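Engineer:
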Amino acid sequence: MKRTTLTLLLLISIVLVHAQQSLGQSYKFRLYLKDKGNSEYNINEPEKFLSQKAIDRKSRQGVAIDETDLPISSDYFSLITAAGGKIVSHSKWFNTLVVQLSDSSRIDDLANLSFVESAKYIWRGEDRVKGLITRPRLHATTSIEINDIDSISINGLAESQFALHNAYNLYKAGYSGRDINIGVIDAGFTNVDVIPYFISNNIVEYKSFVPDGEVLVDSDHGTRVFSTISAVVPGQMMGSSTSANFYLLHSEDVSSEFPVEEDYWVRAVEYADSVGVDVINSSLGYSKFDDNELNYSHAELDGRTSIMTLAADMAFDKGMIIVTSAGNEGSKEWQKISVPGDATKALTVGAVNSDGTIASFSSKGYTADNRLKPDVVSVGQGTITIGQNGKIGTANGTSFSSPFMAGLVATLWSVNPEMDRSELINIIKESGDRYHNPDSVYGNGITDIDAALKRVLGTIPVLDSGYEDDLFSVNKTDDNNFEIELIDTKFNALNYIINIVDESGALISRQTASEEKTNILIGDGLRENNGSIFVVLTAPHAQKTVRFKI
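Just so we're aligned, residue 0 is where the sequence shown starts under our numbering, counting upward by one.
#1: Going by DSSP in three states, residue 161 sits in which element: helix, strand or coil?
#2: Here's the rule: buried if 16 or more other CB atoms are within 10 angstroms of the residue's CB, otherwise exposed. What is residue 338?
#3: Based on Cα-Cα distance, which residue from 234, 75, 317 and 334 lies nearest to residue 52?
#4: Let's test the definition: count the other Cβ atoms within 10 Å of the Cβ of residue 461 and tell me whether it reaches 16, buried, or not, exposed.
#5: Report, in whole angstroms, the separation of the C-beta atoms of residue 486 and residue 469, which I expect to be a contact under 8 Å.
#6: Going by other Cβ atoms of all chains shown within 10 Å of its Cβ, with 16 needed for buried, is residue 280 buried or exposed?
#7: Under the assumption that residue 383 contacts residue 157 (Cβ atoms under 8 Å), give the Cβ distance between them as a whole number of angstroms.
#8: Looking at C-beta atoms only, is the number of pairs between the stretch 55-62 and the stretch 74-84 that lie closer than 8 Å three or more?
#9: With H, G and I counted as helix, E and B as strand and the rest as coil, what does DSSP make of residue 537?
#10: Do residue 410 and residue 169 have their C-beta atoms within less than 8 Å of each other?
#11: Name the residue from 114, 27, 160 and 64 whose alpha carbon lies nearest to the alpha carbon of residue 97.
#12: Can you give me the start and stop residues for the alpha helix (DSSP H) that residue 185 sits inside?
#13: How would you label residue 398, buried or exposed, when you count the other beta carbons within 10 angstroms and need 16 or more for buried?
#14: Around the Cβ of residue 550, are there at least 16 other Cβ atoms within 10 angstroms (buried) or fewer (exposed)?
#15: Could you check where the beta strand (DSSP E) with residue 453 kicks off and where it finishes?
#16: Buried or exposed: residue 490, going by 16 or more other Cβ atoms within 10 Å of its Cβ?
#17: In the DSSP assignment, the alpha helix (DSSP H) including residue 51 goes from what residue to what residue?
#18: In three-state DSSP terms, what is residue 412?
#19: Give the DSSP bridge partners of residue 30, in chain order.
#20: In three-state DSSP terms, what is residue 222?
#21: Enumerate in chain order the residues of its own chain whose CB-to-CB distance from residue 124 is below 6 Å, with the five nearest sequence positions on each side excluded.
#22: Which term fits residue 373, buried or exposed, when burial requires 16 or more other beta carbons within 10 angstroms of its beta carbon?
#23: For residue 70, I'd like the list of residues in its chain whose CB is within less than 8 Å of its CB, leaving aside the five on either flank, ordered along the chain.
#24: Assign residue 140 to buried or exposed, taking buried as 16 or more other Cβ atoms, counted over all protein chains shown, within 10 Å of its Cβ.
#25: Could you please give the first and the last residue of the uninterrupted alpha helix (DSSP H) stretch that includes residue 170?
#26: Buried or exposed for residue 540, going by 16 or more other Cβ atoms inside 10 Å?
#27: Which one of 225, 248 and 250 has the shortest CA to CA distance from residue 242?
#28: Which residue spans inside the stretch 460-495 form an unbroken beta strand (DSSP E) run of at least 3?
#29: Under the assumption that residue 406 contacts residue 176 (Cβ atoms under 8 Å), give the Cβ distance between them as a whole number of angstroms.
#30: Give the straight-line distance between the Cα atoms of residue 150 and residue 85, rounded to the nearest whole angstrom.
#31: Residue 342 and residue 301: beta carbons closer than 8 Å?
#32: Counting pairs of Cβ atoms below 8 Å between the stretch 360-368 and the stretch 294-310, do you hit three or more?
#33: Touching or not, the stretch 384-404 and the stretch 436-443, by the rule of three or more beta carbon pairs under 8 Å?
#34: If you measure between the beta carbons of residue 274 and residue 408, is that distance less than 8 Å?
#35: Can you name, in chain order, every residue of its own chain whose Cβ lies under 6 Å from the Cβ of residue 171, other than the five neighbours on each side?
#36: If you run the structure through DSSP and keep just helix, strand and coil, what is residue 358?
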């Protein structure tokens, strides 16, 4: 171990951001509609309301495009607005519109419209208008000292997080979440755009679903969450899925705590579905609100009450994997998980420290209908994160165990993106150290990622001799030799990495491609212990794993 000093600079530049000024009390209601109305779209032309990525993901996962995918009729928006409602959110999956009113008695006018089924009060507070302020522009941060970095491990301070899950073969084999789309739904991502450790990440989009919300200002909770998945600081800190494509989505209104935030979250999940996200991490959960009359009861943790919980299950039905934090109520009066952690199809994650001992704050199960929750646990006590000041440090909470696990899930999925999400989730649970004796504290326990990798590799079809796609071809020239030829030559051959992996997931060899053809020799020892091998080709823009009989 050694002490490393990280010296960086702090520069300030003016960035236009919004401060808020009060305009007086107002209210928000969720309107449940009887139907979608006369939609301008139809399910036979999905490209008009879904991205190609979304269409492709649904196809891979065997998900049919149906009426729930269609947007609500624009006529309904116009009629609500004409009746005096300011629409601030909506859901096409549940046919809801969220309206804001300065006079709560006006809700009766909206509820009595012919296409409205009912109305539910979900927020009250001060309406606000924005002004302009400044925020720091971080090209880096002031000098900090980081102790106990293992100079040998690329993971640095995060090494214990990977070690807890026995996650060695997965990353040595060359996997890091490439081609997987991850949506991170959170309270804000302060300074993510200016922290150097995120420069190499492929952040596709920032988007807020909170009225007047600021993705890059409102909170650094999401910054810390995002860092556990994405950070690239070799020798100091690495995230669990650094090569994924990221969508940073803002749904939490940090100024208050009301059920309307569930509506913003649902909207964010629907958006993630529409742009083709594969894995969603949500480190948000709700049980108590500023208006106590809106609080959930333990009996309502049944997987069928919260609109947020219902949306988590719907997201899975649409072809995505939802990973959510269990909550931090374990040592408080509530103790239980919070919504949407009660969702049947969500992977709910509790927190342990790096030696596998449960964190006292980690929320417990079971659900009200006696289902096992949490599903698994990961490091959430002393988790290595990066805050809004760009400093590497630690943070506590299931908010941080969840995203680290989400990154592990995404990286495993990148091994075989064609595999069914249900199968992958089952492998994650069944690879837990308590799978055969689960409980309401640890769930299925700590997932052994190397064991899970072996099973995921086993889902890849076995080929007898040859393979070819737009990226490369592989041909078995004799019993001991495979010939690999690059077909896509957009980049220098030195940018193409060829890894050979055995059936256990262990890396056998690693080499760069040659300009012409690359020959891989198979030794007798490898054949004795394996019925097949895996050729993992990593290009600057793609990755493919092919399995061959030997």
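Don't be surprised by glycine CBs; every beta carbon is placed ideally from N, CA and C. Everything numeric in this text was worked out from a predicted model, so none of it was measured.
Structural biologist: Let me spell this out:
#1: Assigned with DSSP and collapsed to three states, residue 161 falls in helix.
#2: Residue environment: residue 338 is assigned as buried (16 or more neighbouring CB atoms within 10 Å of its CB, all protein chains considered).
#3: The shortest Cα separation from residue 52 among 234, 75, 317 and 334 belongs to 317.
#4: Exposed is the label assigned to residue 461, since fewer than 16 other Cβ atoms lie within 10 Å of its Cβ.
#5: That pair is a contact at about 6 Å.
#6: Note on residue 280: 16 or more other CB atoms within 10 angstroms of its CB, so buried under the neighbour-count rule.
#7: With a beta-carbon spacing of about 4 Å, residue 383 and residue 157 fall inside the 8 Å limit used to define contacts.
#8: Taking a cut-off of 8 Å for Cβ pairs, the stretch 55-62 and the stretch 74-84 do not touch, as fewer than three such pairs fall below it.
#9: If DSSP states are grouped into helix, strand and coil, residue 537 belongs with the strands.
#10: Taking a C-beta distance under 8 Å as the contact criterion, residue 410 and residue 169 qualify as a contact pair.
#11: Distance check between residue 97 and each of 114, 27, 160 and 64 places 27 closest, using alpha-carbon atoms only.
#12: That residue, residue 185, is in no alpha helix (DSSP H); its beta strand (DSSP E) goes 180-185.
#13: Burial call: buried.
#14: Here the chain has residues from 0 to 549 only, and residue 550 is not among them.
#15: Premise fails: residue 453 lies in the alpha helix (DSSP H), 448-456, not in any beta strand (DSSP E).
#16: Residue 490 comes out exposed.
#17: Its alpha helix (DSSP H) spans residues 51-59.
#18: Look at residue 412 here: in three-state DSSP terms it is helix.
#19: Under DSSP, the beta-bridge partners assigned to residue 30 are 96 and 118.
#20: For residue 222, the secondary structure class from DSSP, reduced to helix, strand or coil, is helix.
#21: Within its own chain, the residues whose Cβ lies closer than 6 Å to the Cβ of residue 124, once the five positions on either side in sequence are excluded, are 255, listed in chain order.
#22: Per the 10 Å Cβ criterion, buried.
#23: The beta carbon of residue 70 sits closer than 8 Å to those of 35, 38, 39, 40, 48 and 91, all from its chain and outside the five residues before and after it, given in chain order.
#24: Confidence is the limiting factor: at residue 140 the pLDDT is only 41, short of 50, which leaves the residue's position unreliable and the question unanswerable from this model.
#25: For residue 170, the enclosing alpha helix (DSSP H) stretches over residues 168-171.
#26: Flag for residue 540 reads exposed.
#27: Here the closest residue by C-alpha is 225.
#28: Entirely contained in the stretch 460-495, the beta strand (DSSP E) runs reaching 3 residues are, in chain order, 465-467, 471-477 and 480-485.
#29: The pair is a contact, with the Cβ atoms about 7 Å apart (cut-off 8 Å).
#30: Any answer about residue 150 is weak, because its pLDDT of 44 lies below 50 and its placement is not dependable; what the coordinates show is given next. Residue 150 and residue 85: Cα-Cα distance of roughly 56 Å.
#31: Contact: no.
#32: As far as the Cβ criterion goes, the stretch 360-368 touches the stretch 294-310, which means the pair count is three or higher.
#33: Remark: fewer than three beta-carbon pairs, one from each stretch, lie closer than 8 Å, so the stretch 384-404 and the stretch 436-443 are not flagged as touching.
#34: No; because the gap between Cβ atoms is not below 8 Å, this pair is not in contact.
#35: Excluding five sequence positions before and after residue 171, the CB atoms of its chain that fall closer than 6 Å to its own CB belong to 506, given in chain order.
#36: Reduced to three states, the DSSP call for residue 358 is coil.
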